[in-house]
Structure formats: C-alpha cells, structure tokens
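Colleague: Handing you this structure, nothing more for now.
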Amino acid sequence: MKVRTQQNFNRKTYETVFGISIMPDGGRRYCKYPIGHQEYKDYTQAYQAMKDVQKILDNGGRLVYSPKGSAGINKNEYVKIEMA
C-alpha cells in the first residue's frame, strides 16, 4: 500500500489542514482516509504521521473497513488502521 499526505480544508473552522490518504494494493486511487489522521495543523506533522502509518502497514498492519462492508477498492471511505 502507498501512503501520501494531502491538503484538506476544514469547513467548520475555515482553515487549511493536512491529512493522509492510502492507495490499497491493486487500486488506482488514493481513496482510503485513516480515521484520526485528517486534521494536522501543518505539513510536517502530517508527513511524520504518513511515515508512521507506512511503517505500520509495512510491518503487517491492515485496514479495517466499515462493518457494512467495503465501498470497494477505488471508492472513497474512512478506514481504521489495525496493528499486527
């Protein structure tokens, strides 16, 4: 899986924030958004979180999808990261 940082806009506070997104193996889009990793105030915090999440995923961590089933490999959805 590939992980990247991205710039977001918080519509409640009207400020620019940074988050991370994940491209699943076999996917074509960065469309999985880890819960709790979308509201970083600056790029350096988001970049460090990206490295930490990438390390978890490389060491056997996995994405936990909605209990109702995944929206699909290339569909936007929020996911939880589970350590191995």
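According to our numbering, the stretch in the sequence shown is residues 492 to 575, in order. Glycine included, each C-beta is placed from N, C-alpha and C at the ideal position.
Out of curiosity, what's the CA-to-CA distance linking P515 and E568?
Modeller: 12 Å
Colleague: Buried or exposed, going by whether 16 or more other CB atoms sit within 10 Å of the CB of M541?
Modeller: Classification of M541: buried, given that the 10 Å Cβ count is 16 or more.
Colleague: Return the first residue and the last residue of the alpha helix (DSSP H) that M574 is part of.
Modeller: Looking at the DSSP string, M574 is not in any alpha helix (DSSP H), and its letter there is neither H nor E.
Colleague: Quick one: give me the first and last residue of the alpha helix (DSSP H) that Q545 is part of.
Modeller: Y534 to D549
Colleague: Less than 8 Å between C-beta atoms, sequence neighbours within five positions excluded: which residues of the same chain meet that for F500?
Modeller: E506, T507 and V508
Colleague: Considering only C-alpha positions, which residue in the set A562, G527 and G517 is nearest to I511?
Modeller: G527
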